[in-house]
Structures are given as C-alpha cells and as structure tokens.
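Residue numbers (our numbering), protein chains in the order written: chain A, 20 to 352; chain B, 20 to 352; chain C, 587 to 912; chain D, 587 to 912. Note that CB positions come from ideal geometry on N, CA and C, so glycine has one too. Please read all numbers here as calculations on a predicted model, not as lab measurements.
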Amino acid sequence: MAAATDQATREIPYVKAITEGVQQSLHEFPEAFLAGEDVAVAGSVFGIYKGLLAEFGEKRIVDTPISEAGIVGLGVGAAATGLRPILDIMFMDFLGECMDEVANQMAKMRFMFGGKAKLPVTVLMMGGAGMSMAAQHSQSLEAWLCHLPGLKVMMPTTPYDAKGSIIAAVREENPIFVILNKLSLGITGPVPEEPYAIPIGEAIIRREGSDISVVAIGRMVHEALTAAEELAKDGISLEVIDPRTVQPFDTATVIASVQKTHHAMIVHEAVRFAGIGGEIAAQIQEEAFDYLDAPVARLGAPFAPVPYSPPLEKAYMPDAKRIAATARETLGR
Amino acid sequence: MAAATDQATREIPYVKAITEGVQQSLHEFPEAFLAGEDVAVAGSVFGIYKGLLAEFGEKRIVDTPISEAGIVGLGVGAAATGLRPILDIMFMDFLGECMDEVANQMAKMRFMFGGKAKLPVTVLMMGGAGMSMAAQHSQSLEAWLCHLPGLKVMMPTTPYDAKGSIIAAVREENPIFVILNKLSLGITGPVPEEPYAIPIGEAIIRREGSDISVVAIGRMVHEALTAAEELAKDGISLEVIDPRTVQPFDTATVIASVQKTHHAMIVHEAVRFAGIGGEIAAQIQEEAFDYLDAPVARLGAPFAPVPYSPPLEKAYMPDAKRIAATARETLGR
Amino acid sequence: MADGPSNEVLLDIHERMVRIRIFEEEAGKLMENGKVPGALHLYVGQEAVAAGVMAHLSDADQITSTHRGHGHVVAKGGQFKEMYAELYGRVTGYCKGMGGSMHISNFDIGILGANGIVCGGPPIAVGAAFSNKYRETDQVAVTFFGDGASNEGAFHEAANMAALYKLPCLFVCENNGFGEYTSQKRHQAIRDVADRAAGYGMPGVIVDGMDVIAVYEAAGEAINRARRGEGPTLLECKTYRFYDHVGVRGMGIDYRSDDEVKEWKQRDPIKLLEDRLAEQDVLSNDDAAAVHERVRSEAMEAIAWADASPYPAVENLLDDVYYNGE
Amino acid sequence: MADGPSNEVLLDIHERMVRIRIFEEEAGKLMENGKVPGALHLYVGQEAVAAGVMAHLSDADQITSTHRGHGHVVAKGGQFKEMYAELYGRVTGYCKGMGGSMHISNFDIGILGANGIVCGGPPIAVGAAFSNKYRETDQVAVTFFGDGASNEGAFHEAANMAALYKLPCLFVCENNGFGEYTSQKRHQAIRDVADRAAGYGMPGVIVDGMDVIAVYEAAGEAINRARRGEGPTLLECKTYRFYDHVGVRGMGIDYRSDDEVKEWKQRDPIKLLEDRLAEQDVLSNDDAAAVHERVRSEAMEAIAWADASPYPAVENLLDDVYYNGE
Ligand SMILES: Cc1ncc(C[n+]2csc(CCOP(=O)(O)OP(=O)(O)O)c2C)c(N)n1
Ligand SMILES: Cc1ncc(C[n+]2csc(CCOP(=O)(O)OP(=O)(O)O)c2C)c(N)n1
Ligand SMILES: [Mg+2]
Ligand SMILES: [Mg+2]
C-alpha cells in the first residue's frame with residue numbers, strides 16, 4: 020500500500036495529465052516514441068496528445084494506418100531491438116483486432132525464447148462507457164489482459180495517477196497496459212509539474228473507513244467515494260481501495276483492509292461474469308475467510324453489451340447509488 | 020443438473036464422437052456447413068473431420084485460407100442470412116486472430132441491432148496443454164469468451180458429451196463455442212449411435228461425494244475423478260461436478276452440492292488469475308456463505324505461459340495429485 | 587455511357603441522394619443542438635456512392651455499412667422515422683435504441699449492420715455472399731468501407747476469400763482521402779486502393795465518386811458480374827466528405843485546407859446531377875427544389891415523431907442479448 | 587548474373603544449405619524415434635531460401651522466422667548443440683527448453699523469434715525495421731513467411747506499414763505451394779504472392795526458390811535497396827517442402843501426388859548447387875561429400891550433447907515470465 024498522493028497546488032484535468040505523462044516520458048527516454056492512429060496530426064481523438072507532434076516531430080510522434088495488429092507488432096519488434104514504444108490503441112474495444120499480437124507475441128516473447136527478449140512497451144487505451152458510444156466503443160475488458168502472464172495492467176483514476184502511471188509504465192521493462200477512462204478526461208486534480216512514477220502493483224486507500232472494504236476498479240473509485248460520502252451521513256463507514264494496478268494485484272492491501280472491516284465488496288464497470296471482481300472476491304475469501312462476516316459482494320454491469328440509449332446506459336453502469344445499496348445489503352443495515 | 024448419461028454399449032473415442040456430432044448435425048440441417056483451415060481435404064490436423072468431405076462434398080465441407088478473422092466473419096454473415104455455420108478455429112490459441120469478429124461482431128450483432136439478427140453459429144476449437152505444443156498452442160482461454168454477453172460456451176469432457184455438445188450447439192440459435200480438448204482425443208466412452216443433445220447450461224455430477232464439492236473444468240474432470248478414487252481409500256469423499264457449459268453457468272447444481280459438502284474447490288487448466296475459477300469461487304461464497312466450513316479453494320496453472328519441456332509442462336498442469344492435496348488442505352485432513 | 591440510365595433511374599438516384607443529404611443535414615443540426623448523443627459520422631459529400639450502388643439492389647440483396655453509415659441505410663430504403671428515433675436512442679428506432687448512430691441498420695431490408703469497428707463489415711458481407719451462393723439465389727452482398735479501412739487485416743482476409751470462392755460480392759471502397767484526420771498519403775504508399783484488387787485475383791475499378799452516373803454504371807457492371815457467378819470486384823470511388831470526421835464542424839483539428847474542401851464542394855455530387863438533369867430536361871431546377879422541400883418536411887416530421895417516442899425500458903435491457911425462441 | 591557470387595560466397599552458401607539439410611534430417615529421425623516431443627515442421631527442400639537470403643546478413647541484421655524455422659536459425663548462425671537441446675526441451679537449449687521446435691530462436695544473433703502463429707513474424711520484423719530506421723543504423727530486418735501466411739491480415743498490415751514508412755525490411759514469401767494440406771490454388775485465387783506487392787507500393791520479385799544463386803542475387807538487390815533507405819521489397823521464392831507438413835512422413839493425408847514430390851526433388855536445391863560447383867570446379871563431388879560428413883558428425887555430437895543435458899528445473903518456471911532487473 021502506498022501513502023496518500025503528494026500534494027501539489029497545481030490542478031489540471033486528467034486529459035492534460037496524460038499529455039504530460041507522455042511528454043515527460045519522451046523527454047526522459049530518447050528511445051521512446053508514440054505511435055498510433057491519429058496520435059500525431061490530430062493529437063488523438065481524445066485530445067490527449069495535443070502539442071506533442073509540434074514538440075517532438077514526426078520521427079517520435081507517429082501516425083499509423085488503421086492497423087491495430089500492425090501497431091502492436093511494430094511495438095513488439097521495436098521494443099525487442101532497443102526502443103521504448105508507447106502505443107495507442109484508441110478505444111480498448113479494439114483489443115480484439117490485435118489480441119494475437121498482445122497475447123501470443125508481446126506477452127510471451129520473453130518467456131518463450133528463454134528470457135532473452137526485454138520488452139519495454141507501453142500500451143495506452145481508453146476504456147469505459149457513459150458517452151453513448153454504444154457496444155463497440157464502451158467496453159471494459161481488463162479481465163482479458165489480466166489473465167495473460169507476461170503483461171502488467173494499470174488503471175489510473177485520477178489526474179495524478181494518470182501521469183504517474185504513464186511515467187511508471189514507460190520506465191517499466193515489461194509490456195504494460197495503461198487503461199485510461201474516457202469519462203474521466205475532464206476531472207481535475209493536483210498534479211506535480213516534475214516527472215514522477217506511481218508504484219506499479221501498489222493499491223492506494225482513497226478513503227479510510229471501518230465498516231466495509233470497497234475495492235473499486237477504474238472510474239468506479241469516484242462512484243465509491245460518492246457512496247462513502249452519502250453513507251457516512253448514516254454512520255456507515257466505507258473504506259475505498261483503488262488497486263491502481265490490476266495485474267499484478269496488491270492483494271495484501273485489500274486483505275489488511277478486510278481484516279479490519281470484516282466486510283468487502285468489489286465494483287467494476289465490466290460485466291460481472293468472469294470480470295476481475297471474481298478474482299478479487301475469490302482471493303479475499305481465500306485469505307481472509309475467518310474475518311468475513313458476510314459474503315464478498317460484487318457489483319458490475321449486467322450481462323449485456325453496452326446500450327446506446329442514454330437512460331439505459333445510465334442504468335447499465337454501476338454508480339454511487341448502487342454501490343451504497345450493495346454496501347448496505349452486505350452490512351445488513 | 021442432469022441425470023447421469025444414457026448408457027450405450029458402443030464405446031468410441033472422443034475424436035470419433037466429435038466427427039459423429041458434426042456428421043449428424045450436417046444431416047440434420049441442410050443449411051449447416053463446416054468451414055475452417057484444413058477441415059476438408061485433411062479432415063483437420065486433429066483428424067476430427069475424417070471422412071466428412073467424402074460424405075458431404077466441397078459445398079458443405081469448406082477449406083479456408085489461413086484467415087481466422089475471415090472465417091469468423093464468414094460465419095457471422097452466413098448465419099445472419101439463414102445458414103447454420105460450424106466453424107473450426109483449430110487451436111483455441113488462435114482466438115486472438117479473430118477476437119474482434121468474436122467479441123464485437125458475433126457476440127453483439129443481435130443486441131446492437133435491436134434483436135433482429137439470429138446467429139446460429141457454432142465454433143469448434145481445441146484447447147489445453149500436455150502435448151509439448153508450447154506457449155502458442157496449449158492455452159485455455161475460456162475466461163475470455165465467458166466474459167462476453169451474447170456467447171455461450173461448452174467444454175465437453177467425455178466422448179458422450181463431445182457428440183452431444185456439438186449437436187446441441189448446432190441446434191442452438193445463438194453463437195456458441197465448443198471447446199474441445201486435444202489431450203482427450205483418445206479417451207473412449209459409451210456413445211449412442213443416434214443423434215442426441217446434451218442440455219446447454221446444465222452441469223452433471225460425475226461422482227457423488229459428501230466431503231467436498233470439486234468443480235472441475237474441462238479435462239480436469241478426469242484428474243478430479245482420479246483424485247476422488249485415490250482419496251476414497253482414505254475415506255475422503257469428493258463430489259466431482261462437471262459444469263459442461265461454462266457460459267451460462269449452472270450455479271444451482273454447484274450450490275446444492277456445496278450445501279451438502281460444506282467445502283468447495285475449483286480446478287481448471289487455465290492460469291488461476293482471472294480464470295473462471297475466480298468467478299465460480301465468488302459465486303459459491305455469495306450464495307452458500309453460511310454453508311462453507313473453509314474457503315473455496317482454486318487450483319489452476321501457475322502464472323506463466325505453457326512451457327515446452329515435458330517435465331515442466333507436467334508440473335505446470337494441475338493433476339490428480341495436486342487436486343487431492345488441495346482437497347486435503349481444504350478439509351484439513 | 588452511350589445510352590446511360592433511364593429517366594426513371596435518374597430520378598430514383600436523385601431522390602436517394604437528396605434523402606441522404608437532408609437526413610444528414612438535419613442529423614448534424616440535432617447533434618450541434620445537443621439533441622442526440624454519441625458520435626455522429628456524417629455522409630454529406632459522398633451521396634453519389636451509396637445512391638449509385640444501391641439503385642441496383644433489391645431488399646433481398648445485402649449490404650454491410652460503416653461508422654459513416656446513415657447514407658447507406660437511407661439509400662437502401664431506411665425510413666427517416668426509425669432512423670432518427672435510433673439517433674435519439676428511442677425504442678422506436680431500428681435498433682430499439684441499443685445501437686445509435688454507428689449501428690443504425692435494418693436487417694429486414696438486407697442491411698447486415700452498420701459497424702463501429704473500422705472494416706467490421708467486409709468479412710460479414712463475404713459471409714452473406716457465401717450464403718447467397720450456398721443457397722443458390724441471385725442475391726449480391728455489397729460491402730462499403732473507407733480508404734482507411736483498406737489497411738485493416740480484415741479487408742485482406744475478406745477480399746482473398748471472396749475471390750477464392752468466387753462469391754457474389756462487391757467491395758466498394760469509398761476513398762474520401764482520409765481515415766479520421768490522416769490523409770491517404772500518410773496511411774498508405776499507394777494512390778489507388780483499387781491497386782490491391784490484383785493481389786486477390788479480382789478486377790479493380792476506379793470511378794469518380796462524385797459522378798453518380800459513373801458510380802451507377804460501374805457498380806451495375808460489377809453487380810451483374812457477381813450475379814452471373816463470376817466473382818467479386820473491388821470498386822474504388824474517389825469521393826470526399828464535406829463535413830468533418832465527426833459531426834459537422836468537428837473538433838477543430840487542422841488536417842485539410844479550406845481550399846481543398848472548397849474545391850471538392852464545387853463538385854457536389856447532387857449539384858452535378860441536378861445540373862445534368864436540368865440540362866437533359868429530366869428534372870428542372872424548380873422540380874429539384876420541390877424534391878428537396880418534400881424530403882425536408884418528411885425529415886422534420888420524422889424528427890418530431892422520433893423526439894416524441896419513448897426510451898426503451900430498463901427492464902428490457904437483457905431481452906435481445908440472446909435469442910430465446912421468439 | 588554476369589559475374590555471379592564469388593567462390594567464397596558459393597562455398598559459404600553451400601555450407602549453410604548442407605547444415606540445414608543435415609540438421610533437419612537428424613531432427614526428423616529424432617522425432618520418428620520418439621526422442622523429441624511436440625510438432626516438428628521440417629525445412630528440407632527449402633534450404634536455398636534461407637541460405638541465399640541469410641548470406642547477406644550479419645548478426646546485427648534481424649529476422650523473424652516461422653513454425654518451420656530451424657532452417658532460418660541454422661542459416662543465420664544458430665549452433666546445433668543449443669538447437670537440438672531446445673528440441674529435447676533441455677535447459678541448455680536456446681530457449682532454455684521453454685520454446686521447443688516452433689520457437690527455437692536466438693536473439694543474440696538477431697533472430698526475433700520463430701513463431702507458432704502463422705504470420706506472427708511480419709509485424710514484428712516491421713517493428714525491428716522501424717527501430718533500425720529510428721536508430722539510424724544500416725540494419726535490415728527480414729521476415730520469412732509462407733504462401734499460407736500471406737492470407738493472414740497481419741501480413742497486409744505489416745506490408746502496408748513497411749512501405750508507408752519506407753522501412754529497411756524484406757518480406758520473403760516462401761511459396762512451397764501449400765499451407766498445411768491446402769494447396770495454393772485452394773487458398774488464394776492468385777498464382778504469385780508477389781502480385782500483392784503493388785497493392786502496398788513496393789516491388790514484388792519472383793525467384794526460383796530451388797536455385798540458391800537466384801535467391802542470393804534477388805535478395806542481395808532487395809537488401810541493398812533496403813539499406814539504401816529505399817524501402818521494402820516482397821521477394822517470392824517458389825519452393826517446395828520434401829517432407830510432410832509435420833514430421834517426415836506426416837499423417838498420411840492424401841493432398842499431393844507422389845509424382846509432384848518426385849518432380850520437385852529432381853530440383854533438389856543442394857544437388858543443383860553441387861552440380862554447378864562441381865562443373866565450375868569450385869567444389870568437387872568428393873569435397874562436397876566431405877562437407878556433408880563433417881556436418882553430420884557435428885550433428886551427431888550435438889545430439890549426444892543435447893541428450894545428456896539436464897531439463898530445466900521446475901522451480902525456475904516463473905523466472906522469465908517478467909524481466910526483473912537481471
Ligand atoms: C478497429 C477500429 N480502429 C479504429 C477505429 C477508430 N476510427 C473510427 S472511424 C476511423 C477512420 C476510418 O477511416 P475510413 O475507413 O477511411 O472511413 P471514413 O471515416 O473516411 O469514412 C477510425 C480510425 C475504429 N472505429 N475501429
Ligand atoms: C494463426 C494460425 N493459424 C493457423 C495455424 C496452424 N498452422 C500451422 S502451420 C500452417 C500452415 C502454414 O502455411 P504456410 O504459411 O504456407 O507455411 P508452410 O507450412 O508451408 O511453411 C497452419 C495453418 C497457426 N499455427 N497459426
Ligand atoms: Mg476515409
Ligand atoms: Mg506454404
């Protein structure tokens with residue numbers, strides 16, 4: 020577990036924190052470059068790379084064809100030969116287009132060839148629903164990546180973590196995914212100007228509490244904090260844990276929390292079935308069985324693709340209200 | 020839960036049961052065809068389609084180029100226009116090559132277009148390790164598929180179920196995957212000659228027992244039965260449950276068993292982290308929390324790609340010995 | 587082009603183009619006024635492609651469309667009401683509000699999906715064409731895709747399979763010069779996507795995508811060829827989108843010059859056709875204006891209808907994830 | 587071919603080919619005798635391709651190989667001991683026994699993996715070529731792939747990117763007429779994979795893959811072009827595998843005629859070269875036989891060494907999943 024984030028007076032939005040993380044990484048490593056669809060001239064359809072082309076030029080900010088498998092392959096080959104690629108896959112829904120490169124090449128290259136390859140490659144992609152982008156542009160597929168030995172996976176939830184995760188990822192010597200969240204682009208928070216890395220594999224307790232440990236994945240952290248605020252009024256105290264890295268997973272921090280609260284729930288935007296909530300719930304009951312006063316609860320999306328229609332999409336995504344209800348149910352009050 | 024399988028005197032191997040399932044499905048549905056790499060002239064590299072080209076001709080047994088995305092797309096388009104494709108993806112490791120077609124097209128087409136499409140498409144693929152095929156030809160990736168609303172997933176473990184699953188799948192009106200197991204091709208068992216379907220979504224209890232419920236996925240069923248045999252000598256009684264379908268999952272049968280035994284473990288060949296064992300363990304503690312005398316245990320592969328070297332591969336895969344040890348540990352005896 | 591299409595065909599094509607233009611103009615306004623959510627990729631400027639191709643197809647023929655799909659749907663016979671309702675996310679929409687702009691579609695008239703995945707359509711169209719051949723019908727499957735999409739692996743696999751099996755299929759590449767904000771010369775080293783056809787063993791044809799009659803005739807030839815069982819064709823239509831990649835004015839990204847846009851607008855496919863129709867006394871300027879007016883009021887009516895339609899009910903969310911026997 | 591390669595080069599190429607042939611013959615025997623597990627895809631018959639190309643490369647140049655990769659590894663300088671040890675699954679193997687036949691490789695001499703995934707290599711080679719250009723070296727990346735692999739989407743994406751960025755890259759298609767048991771005419775509607783080059787804007791060259799000198803010269807030209815910064819080439823080598831898809835005699839599938847095999851064997855690339863070398867007084871038949879003998883005994887020695895090597899320890903299984911700072 021890490022200490023609370025450094026304070027910094029400057030507040031910037033998540034979108035700018037991403038830019039800064041990439042920018043400072045490119046300064047840190049001359050062998051680092053950014054490649055992806057519309058990352059250069061357009062600065063990304065999410066605006067996350069605005070200004071980088073002007074600063075670093077075409078050699079290091081590389082627009083690619085619409086060829087996700089080609090992009091990941093390019094990253095793997097470049098990383099294996101001494102570069103430090105930062106790849107952008109735009110929407111994480113496009114993972115399917117390059118899943119072979121990810122699963123069979125990137126994740127396995129080091130192991131399969133006897134530990135010879137070193138692959139410092141970072142993949143950035145935008146996940147999550149909430150913008151009426153419908154079924155093919157709104158998914159949360161972190162469970163696929165977490166199931167693949169050889170990869171690491173971060174899911175930054177604040178501007179501070181967005182910048183710090185990207186810098187950590189680019190410094191990392193193994194393939195690592197940083198799953199960004201499109202609905203969070205506008206949220207602001209303190210972000211130091213100098214480069215810093217958040218520790219890979221360390222969870223952070225976003226709010227201390229005593230009644231129930233809420234492991235919130237990605238954007239759900241904010242919903243959990245709202246729920247905690249709400250329930251505090253009724254004297255119910257939520258401890259909100261943001262794993263920040265989902266592979267490797269900081270089990271210790273979660274277990275310590277559950278040993279204190281005796282109750283746990285996990286919330287993620289992904290559909291519940293075979294989501295990483297199952298993994299975390301299984302781990303909690305494995306390691307803190309005797310501490311649990313109630314089953315570990317899981318909250319996730321219903322078993323359907325993400326709907327377009329705004330009221331349905333809203334109903335689809337777990338939110339503070341449902342987190343509060345689940346917490347109450349688990350606590351029986 | 021289903022009753023024990025029908026008895027039939029004829030015993031045939033798993034490989035032949037597959038052939039017969041496909042053959043009888045092709046007889047049942049004139050709109051059904053089989054397409055995939057080397058399914059026709061070669062009758063599959065696993066020998067599972069031997070004789071079908073001679074019987075049904077080139078129109079219905081279709082060799083494709085090495086184009087997994089193209090194959091799945093072909094199946095989706097054909098199914099949406101009235102055919103009933105049976106697709107073969109050879110090794111399930113090649114899922115990455117066609118994951119977009121699977122996840123973004125096949126799984127979502129019905130939902131995304133307002134329930135207009137009906138997609139009776141069956142995908143057959145061979146999973147699992149044990150033949151020194153190394154990291155890219157030995158994986159168990161069922162967790163990826165189970166996480167996708169719109170799909171169903173079966174994992175037949177016996178010749179009887181292999182045939183019955185394929186027939187059930189081809190009769191099914193939704194996209195469905197039948198994950199076959201390469202190491203099981205030679206195992207024999209009773210298989211009725213006439214066509215029959217095993218019920219999709221129904222688990223079967225392979226062996227009744229009273230001390231611990233072992234949910235065994237895929238080939239692990241056989242290892243669990245061996246472990247049960249072994250432990251019976253020491254008076255430890257394992258109930259071995261074969262879910263047969265992993266999506267949708269027959270939670271009720273598992274819960275009823277756990278309510279009886281008060282102990283549970285899950286075993287699968289896939290790596291443990293984010294495998295479906297997590298989902299099942301989470302469900303068990305959610306629904307049978309008060310019945311559990313110990314944490315639900317999970318056994319899976321260590322967090323590494325599948326190694327080539329025979330002794331390492333053997334150590335990598337969960338087996339009867341480790342199942343027995345885990346059961347003992349859970350039971351504390 | 588000795589004879590050229592009949593007057594009836596010309597008027598039909600004109601109607602389709604005007605319907606697309608007006609549907610899109612009004613959709614763009616709805617977006618700008620915050621009436622419809624999500625990402626809207628408008629087809630304005632490319633009308634000649636959808637109209638020229640679709641004029642050859644019946645409801646039984648299939649198409650696959652793209653993220654920029656409204657034009658294809660309108661040209662294939664999609665109704666404004668159900669289309670706008672879909673943009674509004676209402677249960678009366680073609681996809682019951684589940685799909686939205688990127689998925690607006692109607693299976694009943696052979697539209698096997700618009701697709702939010704670039705190059706999602708071609709493999710599916712090949713499957714439909716396979717089915718047509720299997721079922722021994724004379725249906726044709728047409729897949730629309732962009733210059734950007736031609737760099738996806740799925741295009742390659744689909745094209746190879748279509749040619750190998752000699753399927754009744756037409757690959758229509760709408761080369762509008764850009765994939766999002768990346769110009770063609772920055773995404774591929776070739777000028778003509780049609781150059782790829784030879785690599786699959788199918789004919790590659792290039793046509794002026796602003797000239798609907800040229801599109802109509804080239805598409806007709808390719809579709810007839812497909813119906814005769816002679817296999818697929820890659821038809822590249824050189825065209826341009828008048829609006830930005832997303833929405834009307836887009837995100838203010840500087841990726842093409844105003845001059846370039848202006849130049850292409852001088853070849854507005856509807857204006858080009860209307861000039862010709864007036865010249866050939868098929869449709870006077872006044873009559874053309876009347877068509878626009880009639881379609882515009884149909885659009886306004888449809889929008890009002892859509893806006894008054896109910897949202898889908900939350901409790902129906904899971905209804906169409908799986909087919910459960912009617 | 588006025589001058590042709592020097593004698594030194596000819597002998598070097600001959601040595602590489604013989605090494606491949608003998609490595610594979612012995613590997614085949616090991617498999618047939620149950621000494622090595624897994625799937626063994628042998629390169630016998632295609633030696634001229636690996637040897638002719640690799641003669642132009644230094645250890646610094648990169649290649650990506652395939653499931654049929656032993657020949658590439660031998661030709662690039664892989665040592666028999668570490669290669670056989672890998673087939674045996676021993677810790678002394680190039681991949682410490684983790685990879686086996688389909689992954690046998692040696693990063694130290696620029697082999698960025700053999701690949702069990704058909705067409706796994708081309709995108710990675712393009713990445714290496716990108717890196718070469720980025721780092722402003724004169725390294726070239728060569729990717730080997732089959733006729734079957736040319737139908738994978740990954741080939742398309744990789745080729746387009748290589749041409750777009752003008753990368754120092756060579757695409758070598760080893761067209762042996764089959765993808766597994768499916769003949770080329772049953773997997774693509776074209777005869778020459780090189781026809782695809784134009785669709786990416788790169789030259790496509792066809793060469794007799796049984797004639798090592800032809801391969802050597804065509805590859806040399808393409809590699810020089812790449813080193814000069816003029817971009818990639820698609821070099822198609824028409825060749826044939828003398829053994830079955832897997833193993834030596836394979837699975838008894840009836841997919842090609844004995845006559846066809848016999849005919850191709852008459853153009854055995856090693857015999858063709860040796861005839862020429864004898865004729866040109868570069869290497870007598872006796873001297874050639876001595877080379878074979880020397881290499882054979884090296885192979886036998888390596889096999890014995892490999893067979894005596896230890897298996898990796900189970901407790902080291904997780905060591906190389908992640909890099910943990912040396
Ligand atoms: C697989 C995939 N990759 C990327 C995107 C993001 N994207 C949406 S539209 C588009 C550009 C498509 O260009 P083109 O095919 O030329 O069609 P156009 O937009 O010009 O009509 C891109 C990259 C996507 N939707 N799907
Ligand atoms: C993605 C993927 N699809 C299918 C296979 C199974 N497979 C292994 S080798 C092979 C044939 C490859 O043909 P080609 O590229 O011509 O190479 P060759 O075997 O002739 O050397 C196939 C289909 C695979 N390994 N990977
Ligand atoms: Mg375009
Ligand atoms: Mg081949």
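Beta carbon proximity, residue i to chain B, threshold 8 Å
i	result
residue 684 of chain C	yes
residue 123 of chain A	yes
Cβ separation of residue i and residue j, assumed to be a contact under 8 Å, to the nearest whole Å
i	j	result
residue 313 of chain A	residue 335 of chain A	The pair is not a contact, with the Cβ atoms about 26 Å apart (cut-off 8 Å).
residue 633 of chain D	residue 809 of chain D	In fact, because the Cβ distance is near 19 Å, the residues do not count as touching under 8 Å.
residue 752 of chain C	residue 816 of chain C	7 Å
residue 798 of chain C	residue 625 of chain C	That belief does not hold up - the Cβ atoms of residue 798 of chain C and residue 625 of chain C are roughly 27 Å apart, past 8 Å.
residue 200 of chain A	residue 115 of chain A	Incorrect: roughly 19 Å between the Cβ atoms, too far for contact.
residue 269 of chain A	residue 220 of chain A	6 Å
residue 203 of chain A	residue 238 of chain A	6 Å
residue 772 of chain D	residue 82 of chain B	6 Å
Test: residue i CB closer than 8 Å to a CB of chain C
i	result
residue 663 of chain D	no
residue 107 of chain A	no
Opening and closing residue of the alpha helix (DSSP H) in which residue i lies
i	result
residue 186 of chain B	178-190
Through-space distance from residue j to residue i, alpha-carbon basis
i	j	result
residue 235 of chain B	residue 764 of chain D	40 Å
residue 54 of chain B	residue 188 of chain A	42 Å
residue 84 of chain B	residue 180 of chain A	45 Å
residue 711 of chain D	residue 197 of chain A	25 Å
residue 212 of chain B	residue 29 of chain B	8 Å
residue 618 of chain D	residue 660 of chain D	21 Å
residue 104 of chain A	residue 309 of chain B	50 Å
residue 591 of chain D	residue 828 of chain D	27 Å
residue 127 of chain B	residue 121 of chain B	9 Å
residue 662 of chain C	residue 802 of chain C	14 Å
residue 21 of chain B	residue 850 of chain D	Low confidence applies to residue 21 of chain B: its pLDDT is 45, below 50, so where it sits in the model is not reliable, and the reading given next is rough at best. If you take the alpha carbons of residue 21 of chain B and residue 850 of chain D, they lie about 57 Å apart.
residue 23 of chain A	residue 623 of chain D	Caution applies to residue 23 of chain A, whose pLDDT of 47 falls short of 50 and renders its modelled position unreliable; the value that the coordinates give is listed next. Going from the Cα of residue 23 of chain A to the Cα of residue 623 of chain D covers about 53 Å.
residue 192 of chain B	residue 111 of chain A	29 Å
Opening and closing residue of the beta strand (DSSP E) in which residue i lies
i	result
residue 144 of chain B	141-146
residue 132 of chain B	Premise fails: residue 132 of chain B is in no beta strand (DSSP E) and is neither H nor E.
residue 287 of chain B	283-290
residue 196 of chain B	195-200
residue 732 of chain D	727-732
Proximity test, Cβ basis, 8 Å: residue i and chain A
i	result
residue 691 of chain D	yes
residue 317 of chain B	yes
residue 119 of chain B	yes
residue 697 of chain C	no
Cutoff 8 Å: residue i Cβ touching any chain D Cβ
i	result
residue 743 of chain C	yes
With ligand 3 as the reference, list in chain order each residue whose Cβ lies under 7 Å from any of its heavy atoms. Counting only residues whose CB is nearer than 7 Å to a non-hydrogen atom of ligand 3, the list in chain order is C/732, C/733, C/734, C/760, C/761, C/762, C/763, C/764, C/765.
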